[in-house]
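K.L.:
In the numbering used here, the protein residues as written are 87 to 483. Quick reminder that beta carbons are idealized off the backbone N, C-alpha and C, glycines included. Here the structure is a predicted model, which is why all the values come from computation and not from measurement.
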Amino acid sequence: MKFNTTKFTTVLSSLALVGALSMPTNAAVVLGGADGWEVSYGGFINLFYTQSDFEYAGGSSEDSAHLNEGLLPAFHTMTVNTPEVNGLKGMGQITFAVDSSSEKASRLNKSGVAGTGSNIDMREVFFNVSGDFGTISVGRTLALFGRQAILKDITLFGMGAMAGPDGGGTGLGRIGYGYVYPDFRTRFVYQTPDMNGFQLSVGIFDPQEPLGGNISETDTPQFQAEATFNSAFEGGSFSGWAGFIWQEQEIVASNSDVETVGWNIGAQVSAQGFSMTGSYYDGEALGSLLHNIGGGDGFGCNDMGCKEADNEGYYVQASYTFNGATKIGGGYGESKQDGDDMYGIGEVNNELWTIGVYHDVNSWLKVIAEYGNYESQTIFGNLKDADTFSIGGFLLW
């Protein structure tokens, strides 16, 4: 991932999608500028029809037909690029997301905020300063740990798993079914210059206190890092990555520390229209969907102290793109968490199969058809089997 802005990142910069997807090259709208300044606007809107069948471990079932957004809500991004002065180049960006779908039931969005179908979700507010030394990035954008997993996932432009039959809003993609959602986090990050395809990003992040400030305390920041390597060869390309996360917090009532630690690794190889991707993560107190959300997920506490849950997951996928416009792909992923009733930690076993067709009609219109089969054993309930068929599209600018 490069911090410098292109038209591609203006459209999907809120997910730092540099090099991850094939996007229209004329997507950004340049609003104007003078003396080296440039202001641009990009974004997209999408909507899917979803037909689902849910079967639960207790024998109950429910059919569901809804109009939902995919994993991505509607994104709107404003970007400013500065002139280069004394070897320094700057950019600033503000991105917000809105729902194009209504909701049958209130839900929590991916940032843990109760959604109503009409809320505005501010995803990014950050600026970068770049030079020969690399890039310093300040503010809120997609976190480092786990971001490559979601950016390389073909369900990014699809639906993936559904949060439930009545959830509305966006789909989950493979969140909780192969990776933990990195979320948009406030941070200071330094990224090295490109060194023959290798780059290292390290940052301090605002620590998470999922149980609230009067219950949990943090006296050190959260640390994340990511190393990437990108290389091209005749007829193809290779991309590899590895990431790390660490945080410590004190649970006041239990007088005990909880340590979140995790690592991830992955690679993607593409050649002659074919692409293969694999991603794996492992750690403690990561949470099954969101990083370290607490409340029976990620860690648990009692009178004896606190205990971190063990988390791991992976996904593999393959795709083929023909005529430069139509991608057919599929994959399998799972996420697991060891439960412990004594500490109130829920066991998690989530599995998801997907297959889809992703077609660029032209430079600004994309249509998608996708099928997913999944099951979920979590603290929120046991889903024995679910099938979701979705069809929809994106308008991009």
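In terms of DSSP beta bridges, what is residue 318 paired with?
P.N.:
Counted from its first residue, the sequence shown places residue 318 at position 232. The partner list for residue 318 (beta bridge, DSSP) reads 323.
K.L.:
Touch check for the stretch 305 to 314 and the stretch 278 to 289: three-plus C-beta pairs under 8 Å?
P.N.:
They touch, by the three-pair rule.
K.L.:
Taking C-beta to C-beta, are residue 244 and residue 375 nearer than 8 Å?
P.N.:
Position 158 of the sequence shown, counted from the start, is the residue given in the question as residue 244. Position 289 of the sequence shown, counted from the start, is the residue given in the question as residue 375. Cβ distance not < 8 Å, so residue 244 and residue 375 don't count as in contact.
K.L.:
For residue 363 and residue 155, I'd like the C-alpha separation in whole angstroms.
P.N.:
For the purposes of this step, residue 363 is taken as residue 277 along the sequence shown, with counting starting at 1. For the purposes of this step, residue 155 is taken as residue 69 along the sequence shown, with counting starting at 1. Going by the C-alpha atoms only, they are around 25 Å apart.
K.L.:
Using DSSP bridges, identify the partner residues of residue 439.
P.N.:
Along the sequence shown, one-based indexing puts residue 439 at 353. Answer by DSSP bridge pairing, in chain order: 418, 459.
K.L.:
Do residue 135 and residue 478 have their beta-carbon atoms positioned less than 8 Å apart in this structure?
P.N.:
Taking the sequence shown and counting its residues from 1, one reaches residue 478 at position 392. Taking the sequence shown and counting its residues from 1, one reaches residue 135 at position 49. Their beta carbons are under 8 Å apart, which means residue 478 touches residue 135 by this criterion.
K.L.:
Ordered along the chain, which non-local residues of its own chain (more than five positions away) have a Cβ less than 8 Å from that of residue 406?
P.N.:
In the sequence shown, counting from the first residue as 1, residue 406 sits at position 320. Only 359, 360, 361, 413, 414, 415 meet the Cβ criterion.
K.L.:
Per the contact definition of three or more C-beta pairs closer than 8 Å, is the stretch 219 to 238 in contact with the stretch 265 to 275?
P.N.:
Yes, the stretch 265 to 275 is in contact with the stretch 219 to 238.
K.L.:
Under three-state DSSP, which class holds residue 428?
P.N.:
The residue labelled residue 428 in the question sits at position 342 within the sequence shown. The answer is helix: DSSP assigns residue 428 an H, G or I state.
K.L.:
To the nearest angstrom, how far is the alpha carbon of residue 222 from that of residue 277?
P.N.:
Numbered from its first residue, the sequence shown carries residue 222 at position 136. Numbered from its first residue, the sequence shown carries residue 277 at position 191. Roughly 6 Å between the two C-alpha positions.
K.L.:
Between which two residues does the beta strand (DSSP E) holding residue 358 run?
P.N.:
Position 272 of the sequence shown, counting from 1, holds the residue named residue 358. Careful: residue 358 lies outside any beta strand (DSSP E) and carries neither H nor E.
K.L.:
Leaving out the 5 sequence neighbours to the left and right, which residues in its chain are closer than 6 Å to residue 485 when beta-carbon positions are compared?
P.N.:
Residue 485 lies beyond the stretch modelled for the chain, which goes from 87 to 483, so this question has no answer here.
K.L.:
If the criterion is Cβ atoms closer than 8 Å, does the pair residue 250 and residue 260 meet it?
P.N.:
Here residue 250 refers to the residue found at position 164 of the sequence shown. Here residue 260 refers to the residue found at position 174 of the sequence shown. Cβ atoms of residue 250 and residue 260: not closer than 8 Å.
K.L.:
Of the residues 427, 129, 121, 122, which one's Cα is nearest the Cα of residue 115?
P.N.:
Here the question's residue 115 lines up with position 29 in the sequence shown. When each option's Cα is compared against that of residue 115, the closest is 129.
K.L.:
Three or more C-beta pairs under 8 Å: does that hold for the stretch 117 to 128 against the stretch 428 to 445?
P.N.:
No, the stretch 117 to 128 does not touch the stretch 428 to 445.
K.L.:
For residue 207, would you say it is in contact with chain C, using Cβ-to-Cβ distances shorter than 8 Å as the test?
P.N.:
No chain C appears in this structure, which consists of one protein chain only.
K.L.:
Measuring CB to CB, does residue 328 end up less than 8 Å from residue 350?
P.N.:
Residue mapping note: residue 328 aligns to position 242 of the sequence shown, counting from 1. Residue mapping note: residue 350 aligns to position 264 of the sequence shown, counting from 1. Yes.
K.L.:
DSSP three-state label for residue 482, please.
P.N.:
Translated into the one-based positions of the sequence shown, residue 482 becomes position 396. Strand, per DSSP.
K.L.:
In three-state terms, what does DSSP make of residue 260?
P.N.:
Locating residue 260 in the sequence shown gives position 174, where the first residue counts as 1. Coil.
K.L.:
Would you list the one or two residues that DSSP bridges to residue 498?
P.N.:
Because the chain here runs from 87 to 483, residue 498 falls outside it and cannot be looked at.
K.L.:
Go through its chain and collect everything with a Cβ distance to residue 463's Cβ below 6 Å, but skip five positions before and after it.
P.N.:
Along the sequence shown, one-based indexing puts residue 463 at 377. Result list for residue 463: 435, in chain order.
K.L.:
Helix, strand or coil: how does DSSP classify residue 120 here?
P.N.:
Looking up residue 120 in the sequence shown gives position 34. Looking at residue 120 - three-state DSSP - the assignment turns out to be coil, as it is neither helix nor strand.
K.L.:
Under the rule that 16 or more other beta-carbon atoms within 10 Å means buried, what is residue 163, buried or exposed?
P.N.:
In the sequence shown, the residue the question calls residue 163 occupies position 77. Its Cβ being crowded by 16 or more others within 10 Å, residue 163 is buried.
K.L.:
Quick check: residue 146 and residue 248, are their CB atoms within less than 8 Å of each other?
P.N.:
For the purposes of this step, residue 146 is identified with residue 60 of the sequence shown, where counting begins at 1. For the purposes of this step, residue 248 is identified with residue 162 of the sequence shown, where counting begins at 1. Their beta carbons are not under 8 Å apart, which means residue 146 does not touch residue 248 by this criterion.
K.L.:
Which first and last residues belong to the alpha helix (DSSP H) in which residue 235 is found?
P.N.:
One-based indexing of the sequence shown puts residue 235 at position 149. Segment 233 to 237, the alpha helix (DSSP H) holding residue 235.
K.L.:
Using the beta-carbon count (16 or more within 10 Å), is residue 240 buried or exposed?
P.N.:
Within the sequence shown, residue 240 is the residue found at index 154, counting from 1. When all chains shown are included, residue 240 counts as buried.
K.L.:
Measure the beta-carbon distance from residue 307 to residue 291 and round it to whole angstroms, keeping in mind my assumption that it falls under 8 Å.
P.N.:
The count along the sequence shown starts at 1 and reaches residue 307 at position 221. The count along the sequence shown starts at 1 and reaches residue 291 at position 205. Confirmed, Cβ separation roughly 6 Å.
K.L.:
Taking a contact to mean a Cβ-Cβ separation below 8 Å, would you say residue 461 touches residue 470 in this structure?
P.N.:
Residue numbering aside, residue 461 sits at position 375 when the sequence shown is read from its first letter. Residue numbering aside, residue 470 sits at position 384 when the sequence shown is read from its first letter. Contact flag set, yes.
K.L.:
Kindly indicate which residue of 305, 344, 132, 208 has the alpha-carbon position closest to the one of residue 271.
P.N.:
Here residue 271 corresponds to residue number 185 of the sequence shown, with the count starting at 1. Nearest C-alpha to residue 271: 208.
K.L.:
Can you say whether residue 454 is buried or exposed, counting buried as having 16 or more other CB atoms within 10 angstroms of its CB?
P.N.:
Along the sequence shown, one-based indexing puts residue 454 at 368. Label assigned to residue 454: buried.
K.L.:
Note down the Cα distance separating residue 344 from residue 310, rounded to an integer number of angstroms.
P.N.:
Counted from its first residue, the sequence shown places residue 344 at position 258. Counted from its first residue, the sequence shown places residue 310 at position 224. The alpha-carbon atoms of residue 344 and residue 310 are separated by roughly 17 Å.
K.L.:
Taking the alpha carbon of residue 118 as the point to measure from, which residue in 152, 167, 159, 151 has its own alpha carbon closest?
P.N.:
Translated into positions along the sequence shown, residue 118 becomes position 32. It is 167 whose Cα lies nearest to the Cα of residue 118.
K.L.:
From this set, 140, 341, 334, which residue's C-alpha is nearest residue 252's C-alpha?
P.N.:
Translated into positions along the sequence shown, residue 252 becomes position 166. Selected option, being the one with the closest Cα: 140.
K.L.:
Along the chain, where does the beta strand (DSSP E) that runs through residue 163 open and close?
P.N.:
Reading the sequence shown from its first residue, position 77 is the one you call residue 163. Unbroken beta strand (DSSP E) run through residue 163: 160 to 167.
K.L.:
Distance check for residue 237 and residue 322, CA to CA, integer angstroms please.
P.N.:
On the sequence shown, residue 322 is found 236 positions in, with the first residue counted as 1. On the sequence shown, residue 237 is found 151 positions in, with the first residue counted as 1. Whole-angstrom Cα-Cα distance: 19 Å.
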